[in-house]
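Everything in the first sequence is counted per the numbering used here, starting at 111 for the first residue and increasing by one.
Backbone N, C-alpha and C fix where the C-beta goes; we use that ideal spot for every residue, glycine too.
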Amino acid sequence: MKLVTWNVNSLRARLPRLLQLLEVERPDVVCLQETKAAAGAPFPLELAGAGYTAVGHGGGRWGGVAVLLGPGLQPDEVVAGLPGEPDPAEARWLEVDVGPLRVVSVYVPNGRAVGTPTFAAKLAFLDAAAERLAALRGRSLVVAGDVNIAPTDADLYDPAAFIGSTHVTPDERGRLGRLLEGGMVDAWRLLHPEETGFTWWDYRAGHFGRGLGMRIDLLLLSADLAGRLTGIRVARAYRKGPGPSDHAPLLATLDDPG
DNA sequence: ATGGCCAGCGATGCTGGA
């Protein structure tokens, strides 16, 4: 089974690149973030044409998450929204049951600046996510998305450049740690303990070309699924070329259950 | 070479992203 998570920075704007990814990689499950699609907005017909069933949680002008399922897969239970989240209208959390798996696509708030109300809302969202994952403990669980936290300084191009900024504070990292309680595994780090694995690069100032990125998109797996992880990579090709997102897709492969 | 802001809204320049 092949899993993808990708902050597309607008589904509409990214559709050509998304269709390219679906055709080339043929993933089974795709978690999308920042679709910028309104609640109830129809998905582009091209997705169905490519063989994918889409489940969305719309967030209007900003935000929005979705899960795409490949041929032969259908959504069972769908839960949109996160109990206790600060602003449900931002549409940052979507759970979809796919066979024995519960798949979560999550887009954690940015937080903008430490000490602001939006930063407090980011922490509150993370608290709510930890509560929800505790409630889901024991299930075969995939939590995939843009967490807007660099887990450690090894996930930054230059730790000194982030002193005093969001994405690196103990408040944020501590809450990310709570998401990993109960045996959830950071899939990239499981197979790549040293390699940087950046998933986001600022559009500005040539950051991508200069290798100035961050690892803020994560695939978290419950322990049973982590044991089946055979590969994970950042598809940097989708950060290049015409009309890229500022995030690259993260692709993982799981062995079939034996 | 990991190459130099983008998307939405809406009609102009501002907001948000991280």
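Check                                                                                                                                                                        : Outcome
Less than 7 Å between C-beta atoms, sequence neighbours within five positions excluded: which residues of the same chain meet that for V206?                                 : V165, V177, P185, V188 and V213
Considering only their Cβ atoms, is the gap separating A297 from L331 smaller than 7 Å?                                                                                      : yes
According to the Cβ coordinates, are Y313 and D356 closer than 7 Å?                                                                                                          : yes
Just reading off the alpha helix (DSSP H) that G287 is part of, what are its end residues?                                                                                   : P280 to L289
Residues in the same chain with beta-carbon distance under 8 Å from W172, minus the five sequence neighbours each way, listed in chain order, please.                        : E144, K146 and E200
Would you call the CB atoms of V278 and V218 closer than 7 Å?                                                                                                                : no
What's the C-alpha gap between A190 and P198?                                                                                                                                : 9 Å
Would you call the CB atoms of L329 and T163 closer than 7 Å?                                                                                                                : no
For a test of the three-state rule: what should DSSP assign to L246, helix, strand or coil?                                                                                  : coil
What's the gap between the Cα of R343 and the Cα of R349?                                                                                                                    : 13 Å
The alpha helix (DSSP H) that contains G159, what's its start and end?                                                                                                       : L155 to G159
According to DSSP, N117 sits in a beta bridge with which residue or residues?                                                                                                : Q143
Below 8 Å on the Cβ atoms is my guess for I326 versus W310; work out the distance and round it to an integer in Å.                                                           : 5 Å
What are the uninterrupted segments assigned as beta strand (DSSP E) that are 3 or more residues long and contained completely in the stretch 303-342, given in chain order? : 327-331
How would you label D216, buried or exposed, when you count the other beta carbons within 10 angstroms and need 16 or more for buried?                                       : Residue identity differs from the one stated: residue 216 is Val in this sequence, not Asp. The residue in question, V216, is buried, as its Cβ has 16 or more Cβ neighbours within 10 Å.
At what residues does the beta strand (DSSP E) containing R212 begin and finish?                                                                                             : L211 to Y217
Report yes if the C-beta distance between L300 and A336 is below 7 Å; otherwise report no.                                                                                   : yes
Pull up the distance between the alpha-carbon of L361 and that of E305, whole angstroms please.                                                                              : 15 Å
Would you say W203 and L211 are within 7 Å of each other, going by their C-beta atoms?                                                                                       : no
What runs of the beta strand (DSSP E), each 3 residues or longer, lie entirely inside the stretch 155-191?                                                                   : 163-167, 175-179 and 188-190
Is D138 buried or exposed, if buried means 16 or more other CB atoms sit within 10 Å of its CB?                                                                              : buried
Run through the DSSP bridge pairs and tell me what V253 is partnered with.                                                                                                   : V214 and L330
Here's a check: name, in chain order, each residue in its chain whose Cβ is nearer than 7 Å to the Cβ of L129, leaving out the five neighbours to either side.               : E156 and A160
Can you have a look at R122 and say buried or exposed, based on whether 16 or more other CB atoms are within 10 angstroms of its CB?                                         : exposed
Report the rounded CA-to-CA distance for G180 versus M111, giving the unit in angstroms.                                                                                     : 10 Å
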